[in-house]
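Written out as structure tokens, the structure reads:
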């Protein structure tokens with residue numbers, strides 16, 4: 025998708041209600057990229073129409089193993105600076121590819137975020153990654169408050185079941201806000217588990233391309249966001265506004281404010 029299409033889909037989701045938007049950029053030929061000019065275009069379009077949204081950029085280990093390339097979106101400044109950036113806390117295998125995140129890469133990206141006032145979106149696919157987050161926190165490489173996305177259902181990682189989720193949540197450090205995403209068919213069950221347990225929800229086409237378990241119908245981001253709202257409403261959970269999220273996580277548009285100083289609760293649903 026080009027920047028205009030991405031911004032349009034963000035606007036559709038924002039009209040329904042979202043807290044954080046997690047962005048992946050693509051070059052002109054459709055391939056994934058960390059290019060700052062592409063991200064600058066996307067972020068500029070979103071901030072022009074929805075300045076309140078919390079913007080998170082991807083620093084995926086599936087695209088590059090070079091620090092300069094992966095960290096490039098962190099060098100955006102002013103109104104184009106992201107509020108958050110993804111930090112996957114270890115290497116892992118997906119069904120057809122690997123995400124390579126060596127310890128020194130994780131630490132360098134985390135320190136770069138800290139120096140630039142960009143909050144890490146801590147992506148954890150199993151308990152080992154949660155433990156590594158605690159390890160980094162003990163050494164002040166990452167600082168509270170923490171935002172975790174717990175990703176369930178990947179073939180080589182934790183599954184979407186109560187025991188797996190409960191164990192991961194029990195290990196989170198103090199001052200953590202958390203949400204749950206599900207890979208493929210695990211998306212809806214993972215969301216139901218998260219909402220029942222008091223957490224938030226991560227949804228969208230990055231994790232799941234289909235609307236049904238039989239994989240007979242392709243989904244849209246808008247449909248997936250709408251379904252998350254339906255689940256939250258059924259469980260009488262209120263979706264957290266971007267302003268509430270910013271207050272809890274010490275974020276202001278374009279970066280953090282007082283990073284590492286304010287504890288948070290986990291009583292509302294953050295939808296990303």
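Residue numbers (the numbering used here): 25 to 296.
Backbone N, C-alpha and C define an ideal beta-carbon position, used for all residues, glycine too.
None of the values given here were measured: they were computed from a predicted structure.
Straight-line gap, residue i to residue j (C-alpha atoms, nearest Å)
i, j, result
"residue 45", "residue 77", "7 Å"
"residue 34", "residue 133", "26 Å"
"residue 188", "residue 213", "13 Å"
"residue 194", "residue 52", "43 Å"
"residue 64", "residue 58", "11 Å"
"residue 41", "residue 248", "12 Å"
"residue 180", "residue 211", "16 Å"
"residue 166", "residue 131", "9 Å"
"residue 92", "residue 202", "29 Å"
"residue 129", "residue 231", "23 Å"
"residue 182", "residue 154", "12 Å"
"residue 265", "residue 73", "16 Å"
"residue 49", "residue 100", "14 Å"
"residue 114", "residue 162", "17 Å"
"residue 257", "residue 251", "10 Å"
"residue 121", "residue 30", "24 Å"
"residue 158", "residue 164", "10 Å"
"residue 39", "residue 196", "32 Å"
"residue 222", "residue 151", "19 Å"
"residue 26", "residue 47", "12 Å"
"residue 218", "residue 43", "16 Å"
"residue 198", "residue 274", "16 Å"
"residue 276", "residue 140", "13 Å"
"residue 220", "residue 156", "26 Å"
"residue 185", "residue 259", "18 Å"
Coil, strand or helix - residue i by DSSP
i, result
"residue 65", "helix"
"residue 73", "helix"
"residue 29", "helix"
"residue 301", "Outside the displayed range of the chain (25 to 296) lies residue 301, so it cannot be described from this structure."
"residue 273", "helix"
"residue 290", "With a pLDDT of 35 at residue 290, under the threshold of 50, the modelled position of this residue cannot be trusted, and the question is left open."
"residue 204", "strand"
"residue 250", "helix"
"residue 154", "helix"
"residue 98", "helix"
"residue 52", "coil"
"residue 117", "strand"
"residue 130", "helix"
"residue 260", "coil"
"residue 146", "strand"
"residue 234", "strand"
"residue 217", "helix"
"residue 187", "helix"
"residue 227", "coil"
Proximity below 7 Å, CB of residue i to CB of residue j
i, j, result
"residue 117", "residue 149", "no"
"residue 237", "residue 262", "no"
"residue 109", "residue 142", "yes"
"residue 89", "residue 67", "no"
"residue 83", "residue 94", "yes"
"residue 226", "residue 205", "yes"
"residue 56", "residue 81", "no"
"residue 136", "residue 98", "yes"
"residue 234", "residue 243", "yes"
"residue 69", "residue 103", "no"
"residue 215", "residue 255", "yes"
Cβ distance (whole Å) where residue i is taken to contact residue j below 8 Å
i, j, result
"residue 191", "residue 170", "Contact flag wrong, Cβ pair sits at about 17 Å."
"residue 246", "residue 37", "6 Å"
* To do: Could you tell me which uninterrupted alpha helix (DSSP H) segments, each at least 4 residues in length, are contained entirely in the region 159–184, listed from first to last along the chain?
  => Correct list: empty.
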